Amino acid sequence: MLETEILKRGDDSGNGTLVKYTSSTGAVIKAIGVPQAWRSTLGPTWCYVIEGEDLTLVDPGCYGSLTYLEQGLERLGRSITDVSRIVVSHGHMDHDGSCPPVIRKSGAELWAHEMYAFMLQAERGDLERGWRREVSGFKAFENSETMTRAIEHRELNRDLVLNHPVTDEHQAGGLTFYYTPGHSPDELCILYDQVLFSGDHILPLITPHPSVAMSYNSYQATLPPAYNGGNEIYGLKALLTSLKRMAALEGDITVLPAHRAFHRGQFNPIGVERATEILEHHRDRCYELTEVMKKGPTDMASLTRNYFSNREVESHNFFLAFTEVMAHIELMQEAGDISTTVDPTSARTWTNGLGPDVLVSWAGTDLFSAFIDQL
Numbered sequence: 002m003l004e005t006e007i008l009k010r011g012d013d014s015g016n017g018t019l020v021k022y023t024s025s026t027g028a029v030i031k032a033i034g035v036p037q038a039w040r041s042t043l044g045p046t047w048c049y050v051i052e053g054e055d056l057t058l059v060d061p062g063c064y065g066s067l068t069y070l071e072q073g074l075e076r077l078g079r080s081i082t083d084v085s086r087i088v089v090s091h092g093h094m095d096h097d098g099s100c101p102p103v104i105r106k107s108g109a110e111l112w113a114h115e116m117y118a119f120m121l122q123a124e125r126g127d128l129e130r131g132w133r134r135e136v137s138g139f140k141a142f143e144n145s146e147t148m149t150r151a152i153e154h155r156e157l158n159r160d161l162v163l164n165h166p167v168t169d170e171h172q173a174g175g176l177t178f179y180y181t182p183g184h185s186p187d188e189l190c191i192l193y194d195q196v197l198f199s200g201d202h203i204l205p206l207i208t209p210h211p212s213v214a215m216s217y218n219s220y221q222a223t224l225p226p227a228y229n230g231g232n233e234i235y236g237l238k239a240l241l242t243s244l245k246r247m248a249a250l251e252g253d254i255t256v257l258p259a260h261r262a263f264h265r266g267q268f269n270p271i272g273v274e275r276a277t278e279i280l281e282h283h284r285d286r287c288y289e290l291t292e293v294m295k296k297g298p299t300d301m302a303s304l305t306r307n308y309f310s311n312r313e314v315e316s317h318n319f320f321l322a323f324t325e326v327m328a329h330i331e332l333m334q335e336a337g338d339i340s341t342t343v344d345p346t347s348a349r350t351w352t353n354g355l356g357p358d359v360l361v362s363w364a365g366t367d368l369f370s371a372f373i374d375q376l
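Letter by letter, the sequence shown follows residues 2 to 376 of my numbering.
Listed below in structure tokens is the structure:
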């Protein structure tokens, strides 16, 4: 494990905290707890600083929080203008949102998975809005502060240039890049010395939200040729496959995640075995969903509300809960545990997967468990 030293203490969630990590080989990594620019219970995005001949930032944080990043670097005796390289774990706004101003001030190179360049230019909202608008509660999600900021983020980042696209197992500058899609189709985990920067792929205390396989149908025609021949980048199946790969990494590796590395006043150290724990969480969720479906065929919205009956999932949160359930049903459907029929009382037709007029039925089998084992 890493030797850990707090250089500056922030709040109990880690906002404004500065940490120095030292490996047994003497490698030093510093971390800045960059607060979100909006109200959030997530805590900061941890921006990791690798010093050497070049100064590297891993995930500079969300747009609107540049001042906190600058203040953190200044406390470390550095400046934004010193940054030579930005490495982005994936293109979500709380990870790469500060890329434009940092690059403008420093001239830093931008490193990310090659899929990131496609995601910068893709009309993501337009491509997926069709099926999403059929989901109960999506309008509230579409009008939420989260989506407003996501749209702003996309426009601000559209002019970014990916100087150094990387692919799976690419090695450069002391870094080894692993392509780990599932939460996001461009997600990377990055190995440096005995440390794995995991972005949102492996997190302590919480689990990343899986993407849904249906998104691949929306994007397939516009994806780069290497990624449009079959879906290996969206959905729970992709996420679990990626988790298995990281769990199999050899050596005494410490995971440094983008969130919850420090929470409620304490550190939460994890290794790659945490990837297996997250995988088992999703296997358990599949089992839990079968319990809900034992009452008979149900539509996806009802299944979501029944499964999350102990939580507040109305308003814009409902769409997030719906897609969480959807990702698991998609996997179970591919494994052979789920059948679907169109609600005979509906006047509409649905032709794109698990829509609002589709009834899902459990076959009474648990084939998904063996399916997961074989990934």
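For each residue, glycine too, the CB sits at the ideal point set by N, CA and C. Predicted model, so just to flag it, every value in this text is computed and none were measured.
- Here the alpha carbon of residue 293 sits roughly 41 Å from the alpha carbon of residue 2.
- Burial of residue 62 is indicated by the presence of at least 16 other C-beta atoms within 10 angstroms of its C-beta.
- Residue 142 and residue 316 have their C-alpha atoms some 7 Å from each other.
- Shown here, residue 100 sits in a helix according to DSSP, grouped into three states.
- Nearest C-alpha to residue 147 among 265, 38, 359 and 376: 38.
- As the crow flies, the alpha-carbon of residue 32 is around 41 Å from that of residue 336.
- Under the three-state reduction of DSSP output, residue 111 falls in the strand class.
- DSSP places residue 64 in the coil class of the three-state scheme, outside both helix and strand.
- Annotation: the continuous alpha helix (DSSP H) that includes residue 238 extends over 237–248.
- In the three-state DSSP reduction, residue 370 falls in the helix class (H, G or I).
- Following the DSSP letters along the chain, one finds residue 289 inside the alpha helix (DSSP H) bounded by residues 274–294.
- Residue 81 is not a Cβ neighbour of residue 111, given a cutoff of 8 Å.
- Ranking 329, 98 and 361 by CA distance to the CA of residue 36 puts 98 first.
- Look at residue 339 here: in three-state DSSP terms it is strand.
- Here DSSP, grouped into helix, strand and coil, assigns residue 264 to strand.
- Residue 192 and residue 176 do touch by the CB rule: their CB atoms are close to 7 Å apart, below 8 Å.
- Check the Cα spacing between residue 163 and each of 225, 199 and 89: the tightest is with 89.
- Taking all protein chains shown into account, residue 289 has fewer than 16 neighbouring C-beta atoms within 10 Å of its C-beta and is therefore exposed.
- Closest option to residue 93, judged by alpha-carbon separation, among 104, 17, 122 and 201: 201.
- One alpha carbon belongs to residue 72, the other to residue 34, and they sit about 11 Å apart.
- Bounds of the beta strand (DSSP E) holding residue 86 are 84–88.
- Unbroken beta strand (DSSP E) runs of no fewer than 3 residues, entirely contained in the stretch 156–242, are found at 165–167, 176–180, 189–193 and 196–198, following chain order.
- Assignment of beta-bridge partners to residue 34 by DSSP yields 47.
- Per DSSP, the continuous alpha helix (DSSP H) segment holding residue 303 begins and ends at 301–308.
- Taking each of 278, 57, 119 and 157 in turn and checking the Cα distance to residue 108, the smallest one comes out for 57.
- Annotation: residue 18 is outside any beta strand (DSSP E) and is labelled neither H nor E by DSSP.
- Under the 10 Å beta carbon count, residue 101 is surrounded by 16 or more other beta carbons and is classified as buried.
- Looking at the DSSP output, residue 362 shares a beta bridge with 340.
- Residue 297 has its alpha-carbon roughly 50 Å from the corresponding atom of residue 160.
- Excluding residues up to 5 positions away in sequence, 114, 168, 169 and 189 lie with their Cβ nearer than 7 Å to the Cβ of residue 180 in the same chain.
- Distance from residue 44 to residue 264 at the Cβ level is roughly 6 Å; contact confirmed, criterion being Cβ atoms closer than 8 Å.
- In this model, residue 158 and residue 209 are separated by some 23 Å (Cα to Cα).
- By the Cβ neighbour-count rule, residue 232 is buried, with 16 or more other Cβ atoms within 10 Å of its own.
- Residue 376 carries a coil assignment under DSSP once its states are collapsed to helix, strand and coil.
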